[in-house]
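Heads up: the sequence shown at position 340 corresponds to 343 in this note's numbering, and the numbers run straight through without jumps.
Contents: one structure, followed by commentary.
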Amino acid sequence: MNGIKFGTVISPVGEPGASDAQQYAEALTDADYARQLGYNALWVIEHHFSDYFPTPSPLLFLSHLAARMPEIDLGTCVIVLPWYNPMRLAGEIAMLSHLTRGQLHLGIGRGTARLEYQALGVDMAEARARFRECYEVIARGLEGGAFEHHGKYVDLPRAFEIRPRPVKDRINFYGAALSPESSTLMAELDLAMIRVSNFPHKHHAAALRVWGETMRSLGRSPVRSQPLLLHAVLADSDAEAEALAKNHLSRYNQKVVEHYEADADPWKDLSDYEAFSRFMTNARKLTDPDQMGPWLEFQLVGTAKTVRAQLDRYVELGFDHFIIQNSTYGMPRAYRHEMWRRFARDVMPHYRGGEPTRQAG
4 MNGIKFGTVI SPVGEPGASD AQQYAEALTD ADYARQLGYN ALWVIEHHFS
54 DYFPTPSPLL FLSHLAARMP EIDLGTCVIV LPWYNPMRLA GEIAMLSHLT
104 RGQLHLGIGR GTARLEYQAL GVDMAEARAR FRECYEVIAR GLEGGAFEHH
154 GKYVDLPRAF EIRPRPVKDR INFYGAALSP ESSTLMAELD LAMIRVSNFP
204 HKHHAAALRV WGETMRSLGR SPVRSQPLLL HAVLADSDAE AEALAKNHLS
254 RYNQKVVEHY EADADPWKDL SDYEAFSRFM TNARKLTDPD QMGPWLEFQL
304 VGTAKTVRAQ LDRYVELGFD HFIIQNSTYG MPRAYRHEMW RRFARDVMPH
354 YRGGEPTRQA G
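So, in structure tokens, the structure goes:
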């Protein structure tokens with residue numbers, strides 16, 4: 004299992020009522036702490052216009068982290084492609100590849116929040132098609148050389164070259180996939196998937212199977228890094244960890260419901276969002292600690308021994324880069340750092356050939 008990697012989400016968070024300035028200061032403190040603990044990568048989420056991960060420019064944030072710690076790997080989970088001019092985004096990715104010495108793990112997706120689509124002036128019904136064309140333009144641009152493109156959403160009237168020319172071997176893309184249709188799309192685009200742990204293991208297994216079958220049918224190798232985003236809550240007993248998770252993650256789930264306007268079900272008339280609509284139909288339940296039990300089974304919750312057993316199941320499915328998400332709205336620093344420290348001390352070494360993990364402080 005020496006190939007297993009561990010990253011963590013870095014987001015502007017803090018105690019309820021903290022100012023935006025205080026939350027960004029917390030994010031930088033968290034980044035320094037996670038690096039000291041030996042996490043392989045720092046991942047940033049893109050969201051706009053609410054308390055839910057207010058990080059409107061993930062690449063800008065990553066460029067700052069690259070200056071602070073140039074050797075660490077950096078990631079996005081995810082950049083929402085339909086909101087971007089792909090030529091500009093390709094240029095910014097190329098530029099960032101020169102500003103870091105680590106790997107860039109760029110998760111990309113199509114987004115699901117109605118308020119963000121409305122504010123950015125993009126038709127949500129076009130999200131999947133825009134995602135596909137945007138990525139195709141970015142991928143072609145990062146190959147190097149001048150090129151033209153004449154598509155439905157992007158038209159380049161003459162040949163252009165992305166400058167600066169990228170450091171290609173530092174750039175890795177992953178496509179966010181929830182449904183079997185998205186799994187197929189990512190394989191068609193020659194993308195590995197990035198997934199979240201909100202679903203039963205059989206759901207992940209089915210998605211990976213569809214993706215792998217499509218890859219093989221296209222003559223491509225299905226051996227790719229597969230990142231998974233999940234919460235980790237550790238304590239001295241399983242009962243204590245479950246109580247902590249219910250307390251903290253129920254508040255996180257409330258922010259999910261608010262940001263995505265889950266009660267209004269804005270996806271019910273969008274054929275490309277059927278899977279997300281089904282998931283969010285039950286999202287309100289996850290704000291109630293007493294109804295969180297089944298969902299917590301998909302996270303990493305318990306003693307270190309329990310968490311390692313849970314993690315082993317995901318490794319068996321084929322995931323090999325785990326993104327620990329403890330930086331969520333209202334999470335106190337002491338809680339975030341304690342969870343990271345326990346995970347780094349008691350879990351990570353078992354997947355790194357037993358090598359000790361550095362401890363901050």
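No residue lacks a Cβ here, since even glycine has one placed at the ideal position from N, Cα and C.
Under a three-way DSSP split, which group does E151 fall into? Note: E151 maps to strand in three-state DSSP.
Extract the residue ranges of the alpha helix (DSSP H) inside the stretch 54 to 131, only unbroken runs of 4 or more that lie entirely within it. Segments of the alpha helix (DSSP H) lying fully in the stretch 54 to 131: 61 to 71, 89 to 102, 117 to 123.
Burial state of L289 (16 or more Cβ within 10 Å): Buried.
If you run the structure through DSSP and keep just helix, strand and coil, what is D158? If DSSP states are grouped into helix, strand and coil, D158 belongs with the strands.
For the alpha helix (DSSP H) containing R348, name the first residue and the last one. Bounds of the alpha helix (DSSP H) holding R348 are 336 to 349.
Residue from P57, H50, H108 whose Cα sits closest to the Cα of G10: When only C-alpha atoms are compared, the closest one is H108.
Whole-angstrom Cβ separation of V125 and P85, contact assumed at under 8 Å? Sure, about 5 Å apart at Cβ, within 8 Å.
Contacts around Q362, its chain only, beta-carbon distance under 6 Å, and the 5 residues preceding and following it disregarded: Confidence at Q362 is low in this model, with a pLDDT of 45, below 50, so its placement is unreliable and no value can be given for it.
Look up I327 in the DSSP assignment and say whether it is helix, strand or coil. It is a strand residue.
Would DSSP call C289 helix, strand or coil? Here the sequence assigns Leu to residue 289, which means Cys is not the residue at that position. In the three-state scheme derived from DSSP, where H, G and I count as helix and E and B as strand, L289 is classed as helix.
May I ask which residues mark the beginning and end of the alpha helix (DSSP H) holding K205? Residues 204 to 220.
Contact set for M98: own chain, Cβ-Cβ below 7 Å, skip 5 residues either direction: Closer than 7 Å at Cβ, skipping near neighbours: P167.
Within its chain, find whatever has a CB closer than 6 Å to the CB of E3; leave out the 5 residues flanking it on each side and keep chain order. The chain is shown from 4 up to 364; residue 3 falls before or after that span and cannot be answered.
How should Q106 be labelled, buried or exposed, when 16 other C-beta atoms within 10 angstroms of its C-beta is the threshold for buried? With 16 or more other Cβ atoms from the protein chains shown falling within 10 Å of its own Cβ, Q106 counts as buried.
Cβ separation of G178 and I197, assumed to be a contact under 8 Å, to the nearest whole Å: Approximately 7 Å separates the beta-carbon atoms of G178 and I197; this is inside 8 Å, confirming the contact.
Determine the direct distance from the alpha carbon of R133 to that of F150, and round the result to whole angstroms. Rounded to whole angstroms, F150 and R133 show a C-alpha spacing of 19 Å.
Cβ atoms of M334 and V16: under 8 Å apart, would you say? Yes; because the gap between Cβ atoms is below 8 Å, this pair is in contact.
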